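Quick note, the sequence shown lines up with residues 4 to 88 if you use my numbering. For reference, the structure is listed below as structure tokens.
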Amino acid sequence: MMELPQNAEQQIKDRLMSEDIKGVDTHKLAEFMHDTYEEQSKKTGWKTQKKCRVKFENLPEENKRVMLKTAALIIQWISNNQEDI
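Below, the structure is given as structure tokens:
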């Protein structure tokens, strides 16, 4: 996975505040969330399910669906709560 720049969090926040979050690609967000979760789990010693220790495109379909739905709900929540973030 690509290493994020040190100011990535601020860049993301700036984008969320300056653009319509509904334009975010749900699939790309789901992929980022999965890959980041697996990477961070490994770094902290957390053991994830063996079948999920793969890149997003190789996940079992049911896991992909859950991650895609979660990403869509996050986008919706951010869109509805931009002023409070």
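We put the beta carbon where it would ideally sit given N, CA and C, even for glycine. A quick note: this is a predicted structure, and the numbers were derived from the prediction, not measured.
Per-residue burial, residue i [other beta carbons within 10 Å of its own, 16 or more giving buried]
i, result
"L62", "buried"
"E64", "exposed"
"D28", "exposed"
"E34", "buried"
Residue i versus the options, residue with shortest Cα-Cα distance
i, options, result
"G26", "I81, S44 and E65", "I81"
"C55", "N83, N66 and N10", "N66"
"T39", "N10, E86 and K58", "K58"
"H30", "Q79, L71 and G48", "L71"
Whether residue i touches residue j by CB criterion (8 Å)
i, j, result
"M36", "A74", "yes"
"L32", "I88", "no"
"T51", "E42", "no"
Sequence-distant residues of its chain with Cβ nearer than 7 Å to residue i (five each side left out)
i, result
"K46", "none"
"S44", "T51"
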